[in-house]
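Everything in the sequence shown is counted per this note's numbering, starting at 5 for the first residue and increasing by one.
Scroll down for the structure; my scribbles are underneath it.
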Amino acid sequence: MRNDVIAALATPPGRAAVALLRISGPDAFAVASRVLRPFADAPPRMARRARAHSASGETLDDVLYVAYAAPASYTGEPTVEISTHGGLLAPVEVLEALFAAGARLALPGEFTRRAMANGKIDLLQAEAIGDLVDATAPAQRRAAISQLDRGLSARISALREQVIDLEALLAYDIDFPEEDHGPVPPARIDAAVRSLEESLGHLLATSQEGERLRDGALAVIAGRPNAGKSSLFNALLGQDRAIVTEVPGTTRDAIEAPAVCGGFPFRLVDTAGLHDATDRIERLGIDVSRRYLASADVVLFCVEAGRALAPDEAEFLRSTRVHTVLVRTKADVTSAAVPADGEVVVSAHSGLGVDALRATLASASFTRLAASDQVEVALTRARHRSAVTQARDEIVAFAAARREGLETLVAATHLHAAATALTDVIGIVSSEDVLDRLFATFCVGK
Ligand SMILES: Nc1nc2c(ncn2[C@@H]2O[C@H](COP(=O)(O)OP(=O)(O)OP(=O)(O)O)[C@@H](O)[C@H]2O)c(=O)[nH]1
Ligand SMILES: [Mg+2]
Numbered sequence: 005m006r007n008d009v010i011a012a013l014a015t016p017p018g019r020a021a022v023a024l025l026r027i028s029g030p031d032a033f034a035v036a037s038r039v040l041r042p043f044a045d046a047p048p049r050m051a052r053r054a055r056a057h058s059a060s061g062e063t064l065d066d067v068l069y070v071a072y073a074a075p076a077s078y079t080g081e082p083t084v085e086i087s088t089h090g091g092l093l094a095p096v097e098v099l100e101a102l103f104a105a106g107a108r109l110a111l112p113g114e115f116t117r118r119a120m121a122n123g124k125i126d127l128l129q130a131e132a133i134g135d136l137v138d139a140t141a142p143a144q145r146r147a148a149i150s151q152l153d154r155g156l157s158a159r160i161s162a163l164r165e166q167v168i169d170l171e172a173l174l175a176y177d178i179d180f181p182e183e184d185h186g187p188v189p190p191a192r193i194d195a196a197v198r199s200l201e202e203s204l205g206h207l208l209a210t211s212q213e214g215e216r217l218r219d220g221a222l223a224v225i226a227g228r229p230n231a232g233k234s235s236l237f238n239a240l241l242g243q244d245r246a247i248v249t250e251v252p253g254t255t256r257d258a259i260e261a262p263a264v265c266g267g268f269p270f271r272l273v274d275t276a277g278l279h280d281a282t283d284r285i286e287r288l289g290i291d292v293s294r295r296y297l298a299s300a301d302v303v304l305f306c307v308e309a310g311r312a313l314a315p316d317e318a319e320f321l322r323s324t325r326v327h328t329v330l331v332r333t334k335a336d337v338t339s340a341a342v343p344a345d346g347e348v349v350v351s352a353h354s355g356l357g358v359d360a361l362r363a364t365l366a367s368a369s370f371t372r373l374a375a376s377d378q379v380e381v382a383l384t385r386a387r388h389r390s391a392v393t394q395a396r397d398e399i400v401a402f403a404a405a406r407r408e409g410l411e412t413l414v415a416a417t418h419l420h421a422a423a424t425a426l427t428d429v430i431g432i433v434s435s436e437d438v439l440d441r442l443f444a445t446f447c448v449g450k
């Protein structure tokens, strides 16, 4: 790890009351003292006022700064945070003065990467910081904060401890080769293996919703032409995004927009109405609809309230393999809008049922996460899923090796591999390429 002094704007550029600059590195105080006058680093963590100067001595801004002494800072290094006035000029000029004084521009995520290198946070916490910055729905924020509080790290650590305990138990057993079974009853080892397999399975079962929580669930609105799909799309978004007319076949292409329903993130898609189109453009649109339907997490199938389902609609509902909500639309025009089982009755015009539909969407796509009041620890990335899967496979392989009567020492290599896979998830020792990939998605200044 390089330990030169890095500097960056932590806030986005543009007109604002204040902007925040950060510098970090062993010589951060020396660099800061060349730009800020007066400058003091003790006692630390005190807001102080100073003038920021350019290399030629010109006053650039009147600022507040806080000096953090190592290791009690975000990065674990001496760090200075400088609040300048916002706008396009002051923050950039102060940043340039810091460069002239010996700092260099930080790479994306480099502050967080240093925090990891200095043991302030683990890889899961670093990921959680990225997730928190990217969060658009309250459920994403809850999950990110729980992960930042080491919720997932603690759970994985505990599992790793269990694997290591089991390894120790075996090592103890190996020390007594002259006895038939050694001092450790085989039943005790079997029970430990079963419990591990089960716990890893439970954790893996959270990954589908956990990953969906980061990406947003794909909710696709489908139905015949003129069923009120685009109107519903607009009502769920709370803005007129898609064109609505009384002409069937208005929507020709799929339109996707992010939406928050019941506190959960969705990628909401309006599609072209499904029917036997003769028009070439319309047919292409319907092909797009079908592709979206195939990858949907949940489908909102729209049929006007108060009419019987046509055979093609009934067939769609019968044959679909995706979780589908039957949405009865335009409820304001019919008096007989009593929902049948599993239906949601809505009116895009009056707003009736739209909130209920949002709640239905949340519980359909995030069944576990929406059901518990507490934040359930969940695997939120494919990286977590593949490592935990590997750990479970190794435990299964260990059990098989024991059943086949393989030498204990050989069987135990599977336990070692399982422990390593779990260690990798937390990122106690992480390979450079995993880190490069993660931090490339961060903003400069984080
Ligand atoms: N009264 C009433 N009319 C509605 C409602 N929702 C949609 N409509 C009307 O139904 C017609 C079709 O609405 P759209 O939202 O364009 O329907 P669509 O399913 O997107 O249609 P296509 O894009 O052509 O497939 C328009 O004239 C809307 O004003 C509703 O809740 N109540
Ligand atoms: Mg439409």
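Every residue gets a Cβ at the ideal spot worked out from N, C-alpha and C, and that includes glycine.
Which of helix, strand or coil DSSP assigns to residue 248: Under the three-state reduction of DSSP, residue 248 is assigned to coil, being neither helix nor strand.
Test item: CB-CB of residue 254 and residue 234 under 8 Å: Taking a C-beta distance under 8 Å as the contact criterion, residue 254 and residue 234 qualify as a contact pair.
Terminal residues of the beta strand (DSSP E) in which residue 72 lies: Taken as a continuous stretch (DSSP letters only), the beta strand (DSSP E) holding residue 72 covers 63-72.
Host beta strand (DSSP E) of residue 57 (start-end): Here the beta strand (DSSP E) through residue 57 covers 51-57.
Buried versus exposed, by CB contacts within 10 Å (16 or more), residue 323: So residue 323 counts as exposed.
Local conformation of residue 446 per DSSP, three classes: Assigned with DSSP and collapsed to three states, residue 446 falls in coil, not helix or strand.
Closer than 7 Å: residue 20 CB and nearest ligand 2 heavy atom: Within the chosen limit of 7 Å, ligand 2 does not reach the beta carbon of residue 20 with any heavy atom.
8 Å Cβ cutoff met for residue 423 and residue 197: No. Outside cutoff.
Segment contact, 8 Å Cβ cut-off, at least three pairs: the region 286-301 with the region 231-250: Proximity of the region 286-301 to the region 231-250 falls short of the contact definition, fewer than three beta-carbon pairs being nearer than 8 Å.
Residue 157 classed as buried or exposed, judged by whether at least 16 other C-beta atoms fall within 10 angstroms: Residue 157 is buried by the Cβ-count criterion.
Proximity below 8 Å, CB of residue 10 to CB of residue 164: For residue 10 and residue 164, no; Cβs fall outside 8 Å.
Any non-hydrogen atom of ligand 1 within 7 Å of residue 220 CB: Residue 220 Cβ: outside cutoff for every heavy atom of ligand 1.
Nearest neighbour of residue 369, chosen from 222, 252, 89 and 232 [CA to CA]: Nearest C-alpha to residue 369: 222.
Which listed residue (111, 23 and 70) has its alpha carbon closest to that of residue 32: Answer by Cα proximity: 70.
Closer than 7 Å: residue 169 CB and nearest ligand 4 heavy atom: Here the bound small molecules are ligand 1 and ligand 2; ligand 4 is not part of this structure.
Any non-hydrogen atom of ligand 1 closer than 7 Å to residue 91 Cβ: No.
Residue range of the alpha helix (DSSP H) that includes residue 135: Residue 135 -> alpha helix (DSSP H) spans 127-138.
Exposure of residue 137, with buried meaning 16 or more beta-carbon neighbours within 10 Å: So residue 137 ends up on the exposed side.
Touching by the beta-carbon criterion (3+ pairs, under 8 Å), the region 90-100 and the region 11-29: Touching, yes, given that three or more Cβ pairs across the two stretches are closer than 8 Å.
Bounding residues of the beta strand (DSSP E) (the contiguous stretch that carries residue 87): 83-91 is the extent of the beta strand (DSSP E) around residue 87.
Whole-angstrom distance between residue 78 and residue 389, CA atom to CA atom: Computed Cα separation, rounded: 28 Å.
Cβ-heavy atom distance, residue 253 to ligand 1, below 7 Å: Distances from the CB of residue 253 to the heavy atoms of ligand 1 include at least one below 7 Å.
Close-in-space but distant-in-sequence residues of the same chain around residue 57 (CB under 7 Å, 5 per side omitted): The beta carbon of residue 57 lies closer than 7 Å to those of 39, 41, 63, 64 and 101 in the same chain, with the five residues before and after it left out.
Classification of residue 72 by the beta-carbon crowding that lies within 10 angstroms, buried from 16 upward: By the 10 Å Cβ count, residue 72 comes out buried.
CB contact flag (residue 346, residue 330, <8 Å): Taking 8 Å as the Cβ cut-off, residue 346 and residue 330 qualify as a contacting pair.
Inside the region 392-432 only - alpha helix (DSSP H) runs reaching at least 4 residues: Entirely contained in the region 392-432, the alpha helix (DSSP H) runs reaching 4 residues are, in chain order, 412-430.
Sequence-distant residues of its chain with Cβ nearer than 8 Å to residue 91 (five each side left out): Same-chain partners within the cutoff: 18, 19, 20 and 23.
Validate contact between the region 147-156 and the region 126-136 using beta carbons, cut 8 Å, 3 pairs: Result yes; three or more Cβ-Cβ pairs closer than 8 Å.
Inter-residue Cα distance where the pair is residue 276 and residue 229: Cα to Cα, residue 276 sits roughly 7 Å from residue 229.
Length of the line joining the Cα atoms of residue 326 and residue 285: Distance between the alpha carbons of residue 326 and residue 285 is about 26 Å.
Cβ-based burial, residue 413 [other Cβ within 10 Å; buried from 16]: Exposed, by the Cβ-count rule.
Distance, residue 379 Cα to residue 319 Cα: The alpha-carbon of residue 319 is positioned some 38 Å away from that of residue 379.
beta-carbon residue 250 near ligand 1 non-hydrogen atom, thresh 7 Å: At least one heavy atom of ligand 1 is nearer than 7 Å to the Cβ of residue 250, so yes.
Contact test: residue 257 Cβ vs ligand 2 heavy atom, cutoff 7 Å: Checking every heavy atom of ligand 2 against the Cβ of residue 257, none is found closer than 7 Å.
Simplified DSSP assignment, three categories, for residue 5: Unreliable positioning characterises residue 5 in this predicted model, as indicated by a pLDDT of 49, which lies under 50. The coordinate reading is nonetheless provided below. In the three-state reduction of the DSSP assignment, residue 5 falls in the coil class, being assigned neither a helical nor a strand state.
DSSP three-state assignment for residue 327, whether helix, strand or coil: If DSSP states are grouped into helix, strand and coil, residue 327 belongs with the strands.
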